[in-house]
Amino acid sequence: MDEQLQFGESDALIAFRQAWEKALSLLAPEISRPVFESFLNTAKPISIDGNTATIGAASELAKLYLEKYAELLKTALETTFGPELQVIFAVAPREPEKRPSKAKEARPTGGIISPISLPLNDKYVFTNFVVGPCNRLAHAAAKAIAEKPGRVYNPFFLYGGPGLGKTHLLQAIGHHAMARHPSVRIAYVSGELFTSHYVTALREHRSEDFRQNYRSVDILLVDDVQFLAGKERTKEEFFHTFNTLYQMDKQIVLSSDRSPRDLNPFEERLRSRFESGLVVDLAPPDLETRIAILQNKALAEGIGISLPVLECIANLIPTNVRALEGALVTLLAYSSLMKVPLSVRLAKEVLERYIVEKKLSELTPDAIQRAVARAFGVDAHDLQSESRRRDLVTPRHVAMYLSRALTACSLAAIGKVFGGRDHATVLHACRRIEALLGKDPSLRSTVEQLTQDLKAGRA
Ligand code: ADP
Ligand code: MG
Numbered sequence: 128m129d130e131q132l133q134f135g136e137s138d139a140l141i142a143f144r145q146a147w148e149k150a151l152s153l154l155a156p157e158i159s160r161p162v163f164e165s166f167l168n169t170a171k172p173i174s175i176d177g178n179t180a181t182i183g184a185a186s187e188l189a190k191l192y193l194e195k196y197a198e199l200l201k202t203a204l205e206t207t208f209g210p211e212l213q214v215i216f217a218v219a220p221r222e223p224e225k226r227p228s229k230a231k232e233a234r235p236t237g238g239i240i241s242p243i244s245l246p247l248n249d250k251y252v253f254t255n256f257v258v259g260p261c262n263r264l265a266h267a268a269a270k271a272i273a274e275k276p277g278r279v280y281n282p283f284f285l286y287g288g289p290g291l292g293k294t295h296l297l298q299a300i301g302h303h304a305m306a307r308h309p310s311v312r313i314a315y316v317s318g319e320l321f322t323s324h325y326v327t328a329l330r331e332h333r334s335e336d337f338r339q340n341y342r343s344v345d346i347l348l349v350d351d352v353q354f355l356a357g358k359e360r361t362k363e364e365f366f367h368t369f370n371t372l373y374q375m376d377k378q379i380v381l382s383s384d385r386s387p388r389d390l391n392p393f394e395e396r397l398r399s400r401f402e403s404g405l406v407v408d409l410a411p412p413d414l415e416t417r418i419a420i421l422q423n424k425a426l427a428e429g430i431g432i433s434l435p436v437l438e439c440i441a442n443l444i445p446t447n448v449r450a451l452e453g454a455l456v457t458l459l460a461y462s463s464l465m466k467v468p469l470s471v472r473l474a475k476e477v478l479e480r481y482i483v484e485k486k487l488s489e490l491t492p493d494a495i496q497r498a499v500a501r502a503f504g505v506d507a508h509d510l511q512s513e514s515r516r517r518d519l520v521t522p523r524h525v526a527m528y529l530s531r532a533l534t535a536c537s538l539a540a541i542g543k544v545f546g547g548r549d550h551a552t553v554l555h556a557c558r559r560i561e562a563l564l565g566k567d568p569s570l571r572s573t574v575e576q577l578t579q580d581l582k583a584g585r586a
């Protein structure tokens, strides 16, 4: 104690800090690592005054987690301070000076956005990006690149499924680099925009301008580069742009929905260029990260949502971040329009319907054909064929009937995917199945099962 007193701390505060460390170490094995590291280990003992101990949580969400484990923490602290102790959790973000302020990051003071660039979205900054095991490496690399463009990982190739944060990270690099480097010149384009710039340049005989524009940037961020696949001349031009920038040590960042290896048809020389730098994938977020993203989003919108409701949303929407945000917005809209408070029950009710509707909107006659073919033990291709084989007629009619019941496709559109049949044929099929369902219990149970499986996304 004496030694520590030299730092000018009160005895009580020092004891409080030690007791807190101990409490955390007791709690650590009980909790998943990401939650512990993100929400509990970031908390700091702030003050102890009489019987009141105040703990500073790093964020609103961290505070919710601390409260969730309040009993355990309090019990641990009581061994030092006795049973009278009151524990209070307050939000006290740590080291705010170390975090670049949102305003500063979003509105860069320096840096130039090239005229060829798409505008950057103010929201796509590093401070709004929630880091979890699924994206830690991508985030760290993106940050390092924004700090030292052209000097660390070049090119940087980021890939992953839809809605996992590729665009967000690419634009965050742009924002951050401009804030850090007053003279940097950046361009953020999509594969589609690059193509359109190139085609226009060709048509208007302005290839020189095109080259000049693309080759004068310090950081070229190309989103959804897979769009270039199959466009021979654009790819050729992209190859030259890439080489020129690369040789000048300019930073190139690419995103794609698949890895360089799976980029087909992209010839080997481009793929090997992409692979020559750092290639990182974004994985779907785990539960804790999903909760943190939701909390972040709710905070940004200025809405308080309880942890159980956030957990409920995160559990129901296990896929991508865009879907997660969509679900949150749907729920908030529902709650405010219907004037019902947000609760776990409401979240379940609204989101289960939302998910079913979403799945249904994604259901296609194609998928229905496959499921029906499986259920009847026939080949899906045969359902589209001309063949009038008896064992094909009923499955074909069931598939048409379900396509009409479960998708928004018109009779004509359904006829088309069934080997170009006309709408009258589809209508006849639907009527026949409706009639059969009334008299054939075995067919009825098959169709009911199929309907359930398709609706639940199991088929
Ligand atoms: P992609 O380009 O990979 O399809 P986006 O970058 O457009 O995905 O992300 C979809 C949405 O999810 C955006 O609103 C984005 O801000 C958000 N998002 C994705 N990942 C995160 C994250 N880790 N933290 C916060 N928001 C995220
Ligand atoms: Mg994107």
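Using this note's numbering, read the sequence shown as starting at 128 and increasing by one per residue. We treat Cβ as the ideally placed atom computed from N, Cα and C, and that holds for glycine. Since the structure is predicted, the reported quantities are computational estimates derived from the model, not experimental observations.
Practice task
Go to Ala180, then tell me how far its beta strand (DSSP E) extends in each direction, as first and last residue.
Solution key: Thr179 to Ala184
Practice task
Rounded to whole angstroms, what's the CA-CA distance from Ala265 to Ala273? Just pull it up for me.
Solution key: Roughly 12 Å separates the two Cα atoms.
Exercise for the section: Taking 8 Å as the threshold, find out whether the stretch 246-259 comes into contact with the stretch 366-386 through three or more Cβ pairs. Expected result: no
Practice task
Locate the beta strand (DSSP E) running through Glu286, then write down its first and last residues.
Solution key: One point to set straight first is that residue 286 is Tyr, not Glu, in the sequence displayed. Counting along the chain, the beta strand (DSSP E) containing Tyr286 begins and ends at Phe283 to Tyr286.
Exercise for the section: Count the CB pairs spanning the stretch 191-211 and the stretch 175-183 that are closer than 8 Å, and state whether there are at least three. Expected result: yes
Exercise for the section: Report the residue from Arg400, Lys195, Gly183 and Ala184 whose alpha carbon sits nearest the alpha carbon of Tyr280. Expected result: Arg400
Handout entry: Reduced DSSP secondary structure (H/G/I, E/B, other) of Phe216
Key = Taken through DSSP and simplified to helix, strand or coil, Phe216 comes out as strand.
Problem - Of the listed residues Ala189, Leu212 and Leu200, nearest to Ala139 (C-alpha basis) - result: The shortest C-alpha separation from Ala139 is found at Leu212.
Handout entry: Close-in-space but distant-in-sequence residues of the same chain around Leu533 (CB under 8 Å, 5 per side omitted)
Key = Leu487, Leu490, Ile495, Thr578, Leu581 and Lys582
Exercise for the section: Collect the residues with a C-beta less than 7 Å away from any heavy atom of the ligand MG and give them in sequence order along the chain. Expected result: Lys293, Thr294, Asp350, Asp351 and Ser382
Problem - Other residues of its chain near Ala328: CB distance less than 6 Å, five sequence neighbours each side excluded - result: Ser334 and Phe337
Handout entry: Beta carbon of Leu409 nearer than 9 Å to that of Asn262
Key = yes
Handout entry: For Pro412 and Val448, believed in contact at Cβ under 8 Å, the rounded distance
Key = For a cut-off of 8 Å, the C-beta gap from Val448 to Pro412 is around 6 Å, short enough to register as a contact.
Exercise for the section: To the nearest angstrom, report how far apart Pro289 and Met465 are at their CA atoms. Expected result: 31 Å
Exercise for the section: Determine, using beta carbons only, whether Ala425 and Leu455 come nearer to each other than 9 Å. Expected result: Less than 9 Å divides the Cβ of Ala425 from the Cβ of Leu455.
Practice task
Using 10 angstroms around the beta-carbon of Ala427, count the other beta-carbons present and answer buried if the total reaches 16, otherwise exposed.
Solution key: exposed
Handout entry: Segments of 4+ residues assigned as alpha helix (DSSP H) that fall wholly inside the stretch 265-321
Key = 293-307
Practice task
Give the DSSP-derived three-state secondary structure of Leu381 in the structure shown.
Solution key: strand
Practice task
With hydrogens ignored, establish whether the beta-carbon of Ile444 is closer than 8 Å to any heavy atom of the ligand ADP.
Solution key: no
Practice task
Taking all protein chains shown into account, decide if Pro223 is buried (16 or more other Cβ within 10 angstroms of its Cβ) or exposed.
Solution key: Note that Pro223 scores 39 on pLDDT, short of 50, meaning its location in the model is unreliable and no value can be drawn from it.
Exercise for the section: Compute the beta-carbon to beta-carbon distance between Leu478 and Leu529, rounded to the nearest angstrom, for a pair I have assumed lies under 8 Å. Expected result: The Cβ separation is near 25 Å, so there is no contact.
Handout entry: Residue span of the alpha helix (DSSP H) that contains Leu533, given as start and end
Key = Arg517 to Leu533
Problem - Beta-carbon contacts of Thr294 that lie in its chain and below 6 Å, excluding the five residues immediately before and after - result: Hits under 6 Å: Asp350.
Practice task
Determine the extent of the beta strand (DSSP E) in which Ser174 is found, giving its start and end residues.
Solution key: Lys171 to Asp176
Handout entry: Neighbourhood of Ile430 by C-beta, 7 Å cutoff - its chain only, sequence neighbours within 5 removed
Key = Leu459
Practice task
Below 7 Å CB to CB, which residues in the same chain sit around Ile560 once its five sequence neighbours on both sides are set aside?
Solution key: His524, Val525 and Tyr528
Exercise for the section: Measuring alpha carbon to alpha carbon, tell me which of Ala314, Leu434 and Val352 ends up nearest Ser386. Expected result: For the residues Ala314, Leu434 and Val352, the minimum Cα distance to Ser386 belongs to Val352.
Problem - In DSSP terms, what Val448 is bridged to - result: Paired residues: none, contrary to the question.
Handout entry: Straight-line Cα distance separating Ala500 from Ser512
Key = Taking the straight line joining both Cα atoms gives about 13 Å.
Practice task
Measure the CB-CB distance between Ala306 and Gly237 and report whether it falls below 9 Å.
Solution key: Pairing Ala306 with Gly237 gives a Cβ-Cβ distance under 9 Å.
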